[in-house]
Amino acid sequence: MSGPSFRASDAGDTSQPVAAGGPGEVFRAFLKLGLTSFGGPIAHLGYFRDELVLRRRWIDETGYADLVALCQFLPGPASSQVGFALGLLRGGPLGALAAWCAFTLPSAALLILFALGASAFGGPAGTGLIHGLKLVAVAVVAQAVWGMARSLTPDKPRAAIALICVLVVVFAVGAPGQIAAILLGGLLGVWLCRVRPVASPSYLAFPITRRAGLLSLTLFFLLLAGLPLLSAMSGRHGVALFDVFYRAGALVFGGGHVVLPLLEAAVVQPGWIDADAFLAGYGAAQAVPGPLFSFAAFLGTAMTPWPNGVIGAAICLVAIFAPGLLLVTGALPFWNALRNRPLAQAAMRGANAAVVGILATALYDPVWTSAVQNPRDFAVALIGFALLTVWKTPPWIVVLLTAASGVGLALV
Numbered sequence: 032m033s034g035p036s037f038r039a040s041d042a043g044d045t046s047q048p049v050a051a052g053g054p055g056e057v058f059r060a061f062l063k064l065g066l067t068s069f070g071g072p073i074a075h076l077g078y079f080r081d082e083l084v085l086r087r088r089w090i091d092e093t094g095y096a097d098l099v100a101l102c103q104f105l106p107g108p109a110s111s112q113v114g115f116a117l118g119l120l121r122g123g124p125l126g127a128l129a130a131w132c133a134f135t136l137p138s139a140a141l142l143i144l145f146a147l148g149a150s151a152f153g154g155p156a157g158t159g160l161i162h163g164l165k166l167v168a169v170a171v172v173a174q175a176v177w178g179m180a181r182s183l184t185p186d187k188p189r190a191a192i193a194l195i196c197v198l199v200v201v202f203a204v205g206a207p208g209q210i211a212a213i214l215l216g217g218l219l220g221v222w223l224c225r226v227r228p229v230a231s232p233s234y235l236a237f238p239i240t241r242r243a244g245l246l247s248l249t250l251f252f253l254l255l256a257g258l259p260l261l262s263a264m265s266g267r268h269g270v271a272l273f274d275v276f277y278r279a280g281a282l283v284f285g286g287g288h289v290v291l292p293l294l295e296a297a298v299v300q301p302g303w304i305d306a307d308a309f310l311a312g313y314g315a316a317q318a319v320p321g322p323l324f325s326f327a328a329f330l331g332t333a334m335t336p337w338p339n340g341v342i343g344a345a346i347c348l349v350a351i352f353a354p355g356l357l358l359v360t361g362a363l364p365f366w367n368a369l370r371n372r373p374l375a376q377a378a379m380r381g382a383n384a385a386v387v388g389i390l391a392t393a394l395y396d397p398v399w400t401s402a403v404q405n406p407r408d409f410a411v412a413l414i415g416f417a418l419l420t421v422w423k424t425p426p427w428i429v430v431l432l433t434a435a436s437g438v439g440l441a442l443v
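Given below as structure tokens:
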């Protein structure tokens, strides 16, 4: 591996990443992803890889895996952080904002409509649709595991690291296990992956200075410490709302599913929303594309105290995403310097192998276990996987076909 080489296909062809674009291109690409990326954060990483790494060639495979590993370390929604970083890389600060808006707002708008009473997911057809979307996630994650394993675990040491990290995640459940797996993968990489000639990774030209990065980190900690004080002093519900959702986004590793108990304690126990509405909204969040953190838009709309409705949704949505985006903005200016150090390169090889192990484990639980319940489900998921990997079918077509299959199976 040398220079900014890029794996253009699973067959191993390489080409140079294409030249930088602009915010408009970023918005269009992420709007497509925001409308079609079903299945949660692990599936989102698979969609990103297919659309932005393999098809559009915005970044090479190694650089993408490095970003995934970095965002797995940070609190917040990992897939949204990766998307934000890719938007920043491709289109600058406006590109980063365009990526976040285009990927997040479709699901947020759907959940606001659901909160206002526009639900269309009742009955057998609705249940089948949701189940079909879960089967899409099986195909997408399986494709991501297959492709990334071929690129990032091409030798015995890195394959061994991936398998060891599978065991770590299996026996240490949840976000702590994932973080431990990446740390262990990095340490094993320093030990096992230094025998190869050191190669200079492709330079990721994030248009943000170190000073701006330090300001982002400072703002993150100031808000984390200051919002509870401001909420207590002001007594305003809007400030309390921002504080609750900011802390939820700042203190959670592992994404949307992990934040659920924090949000339940924050909004159900004080009586801002009842438990039945909370669970109904969470169920609807499973049926829409995009990040699960968009569940915050439903809560902000449906809760009783003002501000609620669209204004409440905007407050909750910005608050829950802000800490993760501030953290990744703060880390990125220092990322290239770290990646160019020989020991860091060895550690990242191990960490990238660990990411493959984490993805493989997530393919089984929760993706496979929540979706594949009988041989018919297995057949649908397998067909989706073959369409993606063999026939190179666009993911949005696979989404439509698999969702339709779920509805059909439910009505038979």
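Quick note on the working numbering: the sequence shown kicks off at 32 and runs consecutively. Virtual Cβ for every residue (Gly too), placed ideally from N, Cα, C. Just so it is clear, the structure is predicted and the values come from calculations on it, not from any experiment.
So within the region 53-121, which uninterrupted alpha helix (DSSP H) runs reach at least 4 residues, ignoring any that extend past its ends? 54-67, 72-79, 92-104
Mapping the DSSP letters down to three states, classify R189 as helix, strand or coil. As a working note, residue 189 is residue 158 in the sequence shown. R189: helix per DSSP, three-state reduction.
Excluding five sequence neighbours on each side, which residues of the same chain lie with their C-beta closer than 7 Å to the C-beta of L282? The residue you call residue 282 lines up with position 251 of the sequence shown. Cβ within range, chain order: P106.
What would DSSP say about A212, mapped onto helix, strand or coil? The residue you call residue 212 lines up with position 181 of the sequence shown. If DSSP states are grouped into helix, strand and coil, A212 belongs with the helices.
Give every residue of the same chain whose Cβ lies closer than 8 Å to the Cβ of A149, excluding the five residues on either side of it in the sequence, and list them in chain order. As a working mapping, residue 149 is identified with position 118 in the sequence shown. With a pLDDT of 47 at A149, under the threshold of 50, the modelled position of that residue is not reliable, and no figure is offered here.
Let me confirm a value: G302 is counted as buried when at least 16 other C-beta atoms fall within 10 Å, else exposed. Which label applies? Within the sequence shown, numbered from 1, the residue matching residue 302 stands at position 271. Exposed: under 16 other Cβ atoms inside 10 Å.
8 Å contact criterion, which A243 and P364 should meet: CB distance rounded: Against the sequence shown, residue 243 aligns to sequence position 212. Against the sequence shown, residue 364 aligns to sequence position 333. Right, their Cβ atoms sit about 7 Å apart.
Residue range of the alpha helix (DSSP H) that includes G269: Taking the first residue of the sequence shown as 1, we reach residue 269 at position 238. From DSSP, the alpha helix (DSSP H) with G269 extends over 268-281.
Between V359 and A116, is the Cβ-Cβ spacing less than 8 Å? To locate residue 359, count along the sequence shown from 1; it is residue 328. To locate residue 116, count along the sequence shown from 1; it is residue 85. Cβ atoms of V359 and A116: closer than 8 Å.
Taking three-plus beta-carbon pairs below 8 Å as touching, is the region 90-99 in contact with the region 331-351? no
To the nearest angstrom, how far is it from the Cα of F145 to the Cα of G415? For the purposes of this step, residue 145 is taken as the residue at position 114 of the sequence shown. For the purposes of this step, residue 415 is taken as the residue at position 384 of the sequence shown. Taking the straight line from one Cα to the other gives about 29 Å.
Would C132 pass as a contact of A377 if the rule is Cβ separation under 8 Å? The residue you call residue 132 lines up with position 101 of the sequence shown. The residue you call residue 377 lines up with position 346 of the sequence shown. No.
Determine the direct distance from the alpha carbon of A170 to that of L164, and round the result to whole angstroms. On the sequence shown, residue 164 is found 133 positions in, with the first residue counted as 1. On the sequence shown, residue 170 is found 139 positions in, with the first residue counted as 1. So the two alpha carbons sit approximately 10 Å from each other.
Where L440 falls: helix, strand or coil (DSSP): Stepping through the sequence shown from its first residue, residue 440 is reached at position 409. If DSSP states are grouped into helix, strand and coil, L440 belongs with the helices.
Counting Cβ pairs closer than 8 Å, one from the region 79-86 and one from the region 367-374, do we hit at least three? no
Under the rule that 16 or more other beta-carbon atoms within 10 Å means buried, what is V443, buried or exposed? Numbered from 1 along the sequence shown, position 412 holds the residue referred to as residue 443. Per the 10 Å Cβ criterion, exposed.
Can you have a look at D408 and say buried or exposed, based on whether 16 or more other CB atoms are within 10 angstroms of its CB? Residue numbering aside, residue 408 sits at position 377 when the sequence shown is read from its first letter. It is buried - the Cβ of D408 has at least 16 other Cβ atoms within 10 Å.
Any idea if I342 is buried or exposed, counting beta-carbon neighbours within 10 angstroms, 16 or more meaning buried? If you number the sequence shown from 1, residue 342 lands on position 311. Counting Cβ neighbours within 10 Å, I342 comes out exposed, since fewer than 16 surround it.
Pick from V172, Q112, V99: whose alpha carbon is nearest that of D396? Here residue 396 corresponds to residue number 365 of the sequence shown, with the count starting at 1. Nearest of V172, Q112, V99 to D396, Cα basis: V172.
Output the boundary residues of the alpha helix (DSSP H) element that contains R370. Here residue 370 refers to the residue found at position 339 when the sequence shown is read from its first residue. First-last of the alpha helix (DSSP H) with R370: 366-370.
For W422, the first and last residue of its enclosing alpha helix (DSSP H): One-based indexing of the sequence shown puts residue 422 at position 391. Looking at the DSSP string, W422 is not in any alpha helix (DSSP H), and its letter there is neither H nor E.
Would DSSP call T360 helix, strand or coil? As a first step, residue 360 must be located in the sequence shown, where it is residue number 329. Correct three-state label for T360: helix.
Are G266 and F352 touching if we call contact CB-CB under 8 Å? Looking up residue 266 in the sequence shown gives position 235. Looking up residue 352 in the sequence shown gives position 321. No, Cβ-Cβ distance for G266 and F352 is not below 8 Å.
Kindly indicate which three-state DSSP category A333 falls into: helix, strand or coil? Looking up residue 333 in the sequence shown gives position 302. In this structure, A333 counts as helix in the three-state DSSP scheme.
Span of the alpha helix (DSSP H) around N383: Here the question's residue 383 lines up with position 352 in the sequence shown. 373-393 is the extent of the alpha helix (DSSP H) around N383.
In the DSSP assignment, find the alpha helix (DSSP H) that holds V169 and state where it starts and stops. Counting from 1 along the sequence shown, the entry for residue 169 is found at position 138. Its alpha helix (DSSP H) spans residues 154-183.
For F104, tell me which candidate among S138, V298, P54, L215 has the shortest Cα-Cα distance. Within the sequence shown, residue 104 is the residue found at index 73, counting from 1. For F104, the nearest C-alpha among the options comes from L215.
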